[in-house]
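Worksheet for the structure shown next.
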Amino acid sequence: MAYKDVYAAWKSDPDAFWMQAAEAIDWDEKPSKALFEKGKNLFEWFADAKVNTCWNAVDRHVEAGRGEQTAIIYDSPITHTKREISYVELRNRVANLAGGLRAKGVEKGDRVIIYMPMVPEALEAMLACARIGAIHSVVFGGFAANELAVRIDDAKPKAIIAASCGLEPGRVVHYKPLLDGAIDLATHKPDFCVIFQREQEVAELIEGRDVNWHGFQYGVEPAECVPVEGNHPAYILYTSGTTGQPKGVIRHTAGQLVALNWTMKNLYNVDPGDVFWAASDVGWVVGHSYICYGPLIHGNTTIVFEGKPVGTPDAGTFWRVIEEHKVKSFFTAPTAFRAVKREDPLGEFVKKYDLSGLKQVYLAGERADPDTIVWAQDHLKVPIVDHWWQTETGWAIAANPLGIEELPTKLGSPTVPMPGYEVVILDDAGHPVPAGTLGAIAIKLPLPPGTLPTLWNAEDRFQKSYLNTFPGYYETGDAGMMDEDGYVSIMARTDDVINVAGHRLSTGGMEEVLAAHPDVAECAVIGVTDQLKGQMPVGFLCLNSGAGRDNGDVVKEVVKLVREKIGPVAAFKLAVVVDRLPKTRSGKILRGTMVNIADGTEYKMPATIDDPAILDEIKDALKTIGYAQN
Numbered sequence: 001m002a003y004k005d006v007y008a009a010w011k012s013d014p015d016a017f018w019m020q021a022a023e024a025i026d027w028d029e030k031p032s033k034a035l036f037e038k039g040k041n042l043f044e045w046f047a048d049a050k051v052n053t054c055w056n057a058v059d060r061h062v063e064a065g066r067g068e069q070t071a072i073i074y075d076s077p078i079t080h081t082k083r084e085i086s087y088v089e090l091r092n093r094v095a096n097l098a099g100g101l102r103a104k105g106v107e108k109g110d111r112v113i114i115y116m117p118m119v120p121e122a123l124e125a126m127l128a129c130a131r132i133g134a135i136h137s138v139v140f141g142g143f144a145a146n147e148l149a150v151r152i153d154d155a156k157p158k159a160i161i162a163a164s165c166g167l168e169p170g171r172v173v174h175y176k177p178l179l180d181g182a183i184d185l186a187t188h189k190p191d192f193c194v195i196f197q198r199e200q201e202v203a204e205l206i207e208g209r210d211v212n213w214h215g216f217q218y219g220v221e222p223a224e225c226v227p228v229e230g231n232h233p234a235y236i237l238y239t240s241g242t243t244g245q246p247k248g249v250i251r252h253t254a255g256q257l258v259a260l261n262w263t264m265k266n267l268y269n270v271d272p273g274d275v276f277w278a279a280s281d282v283g284w285v286v287g288h289s290y291i292c293y294g295p296l297i298h299g300n301t302t303i304v305f306e307g308k309p310v311g312t313p314d315a316g317t318f319w320r321v322i323e324e325h326k327v328k329s330f331f332t333a334p335t336a337f338r339a340v341k342r343e344d345p346l347g348e349f350v351k352k353y354d355l356s357g358l359k360q361v362y363l364a365g366e367r368a369d370p371d372t373i374v375w376a377q378d379h380l381k382v383p384i385v386d387h388w389w390q391t392e393t394g395w396a397i398a399a400n401p402l403g404i405e406e407l408p409t410k411l412g413s414p415t416v417p418m419p420g421y422e423v424v425i426l427d428d429a430g431h432p433v434p435a436g437t438l439g440a441i442a443i444k445l446p447l448p449p450g451t452l453p454t455l456w457n458a459e460d461r462f463q464k465s466y467l468n469t470f471p472g473y474y475e476t477g478d479a480g481m482m483d484e485d486g487y488v489s490i491m492a493r494t495d496d497v498i499n500v501a502g503h504r505l506s507t508g509g510m511e512e513v514l515a516a517h518p519d520v521a522e523c524a525v526i527g528v529t530d531q532l533k534g535q536m537p538v539g540f541l542c543l544n545s546g547a548g549r550d551n552g553d554v555v556k557e558v559v560k561l562v563r564e565k566i567g568p569v570a571a572f573k574l575a576v577v578v579d580r581l582p583k584t585r586s587g588k589i590l591r592g593t594m595v596n597i598a599d600g601t602e603y604k605m606p607a608t609i610d611d612p613a614i615l616d617e618i619k620d621a622l623k624t625i626g627y628a629q630n
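Read in the UniProt record's numbering, the sequence shown has 509 at position 509, and its numbers run on one by one without any break.
Here's what the structure looks like:
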């Protein structure tokens, strides 16, 4: 079947489509139907089924005779460590850890916070919770104590599983003092903490509260898989909220199993046994969906990578991992490719490795600029798929479904909506706009399986954040357009659409022009307040290493380019060269914070910021062009 046939099959009978997809899952009790309506704009999938995630991700592959297949490859250039864990070994390790948790009183429905670096034990902790029906909440390792405390008070965990430390190039991140500080700050106190001691730093345990990862598992009965209801929360994942209070996105068990399993072949084009690598972190939704659950549910080998795209040791580390572990599908963020491209603009490192096993590459996390895609296409010679999704959706809203059919690439577009998602472009009043017109992107309810059914203990906030603006639709918060062929383009977050003298302009469109300049490695455009025109665009440029150009010349050239490509209407006159852009650890550029700095308005330091010192550099750069009032 072609993509249009698959999409039409879903649209004509969504229940039958998802029930057929559900046949790939091992159910303890099969669902009677796919969709359950639970109230105004509230939906659940496969709610009356009984199923266990860990069984589907681990045990069933062992039972099917594939226990010796590698489940997890751990590759850590930071510690110079590599090891492989088979499905049977993974089952035993997870069952023992789950048994340890159960022996200390963790039961179905209890919450467990996981505060770990990129080590296989992080996946084992997630799977151990799933095994006994506990609800895990992974918090990015190294998060500040006050941010961790907010999540402890919201989730109220019975236990916290943490590592003694995390590792960054050239430094150790001390997790245990951050954890202790968070528990001191939090009103809610966990019953106990499990500490995985890393050899790079052995932390001091607090008597009566902390237990050693290995020690507390000795002599306990390994836990069997506990069947849970289809609508039982598998996990809570906090995403930043506009109020500064994080939103706890929840994922129901059955919907996640069905949706993620469906995507592994249809979207990522891998078969059981193939090696799949998502170069993300377990703290992000990509780490949940495509480092831990998706590949393992589908019987793939997944890679846990503890390193960086550049500097561990060089811009060839991605290609080494792909060659060495025979990766078939690779998934990373555009910002990682931009970092590699900046260090290696001519792709010299790519040539050093045999990448013949690599069949496709996927980019997500923020908009993939055409220049980065072209660079990857030129050097890797495989399909480069920009696909669009969110923490809330858990899997792709729009993509090029290579396992069904490879559709033509349109640069700047994540291609077409996936089955389950009816995407519409609306104006501010909620009316559909013509093809090619910029508007707010919304998705007709119900959302498909595997997406958020609500927020943790915050149904009112769920309605207000996502459902109230456009009744009957989920508001994505992204702005963009759809062309006559149904291709979606994500231009910016809706708050990144700027109004210049009455013209609604996308900062993403301007960034696309700047990124096309041969000396620009990475860029961002923000709208700053202007007395005359309402807002004015300002560009930030990071140049390729070794460009050797005068900054002023590059600025003049990009201003001219925007004038040529978008027109004088953009009023683009200001750009500044900086060494780096402020980003979250997942690679999203913190444009909103940059706007606050330029406008001199107060802002809260983003919890996910990679390096707070960059904000001072941005402030200094803005001052050189007459902005940054504070």
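Where a beta carbon is used, it is the ideal one built from N, C-alpha and C, also for glycine. Because the structure is a prediction, the values reported are computed rather than measured.
Nearest to residue i (by Cα), restricted to the options the options
i	options	result
P272	E602, A57, P612	A57
M481	M118, P313, S413	S413
G133	I160, N52, G166	N52
P227	R549, V62, E107, G486	E107
K30	G230, E204, E199	G230
A399	E124, T409, T391	T409
G307	D550, K50, Y74, N551	Y74
A203	L178, A186, T601, K82	L178
Y268	L426, V361, D354	V361
G99	P309, E512, E124	E124
E201	Y3, A162, A130	A162
A254	G287, G294, H174	G294
E84	K556, F305, W55, G420	F305
Y474	A34, K40, V562, Q377	K40
Residue interval of the alpha helix (DSSP H) (run including residue i)
i	result
C129	120 to 132
M594	591 to 599
K176	175 to 185
N457	Looking at the DSSP string, N457 is not in any alpha helix (DSSP H), and its letter there is neither H nor E.
Q360	Note, Q360: premise wrong, no alpha helix (DSSP H); beta strand (DSSP E) at 360 to 363.
T253	253 to 266
Whole-angstrom distance between residue j and residue i, CA atom to CA atom
i	j	result
H252	D496	31 Å
T332	V282	13 Å
T624	V569	24 Å
Q535	G509	16 Å
residue 643	I303	The requested residue 643 does not occur in the structure, where the chain is confined to residues 1 to 630.
V172	L257	36 Å
Y115	V138	6 Å
P537	V525	6 Å
D26	H61	11 Å
D210	V194	6 Å
Y466	G472	10 Å
A71	D274	10 Å
G394	G548	42 Å
I397	T312	33 Å
K444	A492	20 Å
S32	W10	18 Å
W388	F462	21 Å
E459	G477	18 Å
Beta carbon proximity, residue i to chain D, threshold 7 Å
i	result
G208	Absent here is chain D; the protein component of the structure consists of one chain.
Exposure label - residue i; buried when at least 16 CB within 10 Å
i	result
residue 706	Only positions 1 to 630 of the chain appear in this structure, which leaves residue 706 out of reach.
L581	buried
I614	buried
M126	buried
G316	buried
H325	buried
P190	buried
N630	Low per-residue confidence applies at N630: pLDDT is 45, beneath 50, and the placement is therefore not dependable, though the value from the model is reported in the following sentence. So N630 ends up on the exposed side.
P432	exposed
M1	exposed
Host beta strand (DSSP E) of residue i (start-end)
i	result
L574	574 to 577
I373	Careful: I373 lies outside any beta strand (DSSP E), inside the alpha helix (DSSP H) at 370 to 380.
G527	520 to 530
M536	534 to 543
A607	Unbroken run through A607: none, as it is neither H nor E.
H298	Per DSSP, H298 belongs to no beta strand (DSSP E) and is neither H nor E.
Residues bridged to residue i (per DSSP)
i	result
W45	L35
P432	L426
G409	The sequence shown places Thr at residue 409, not Gly. According to DSSP, T409 bridges with nothing at all.
T584	I609
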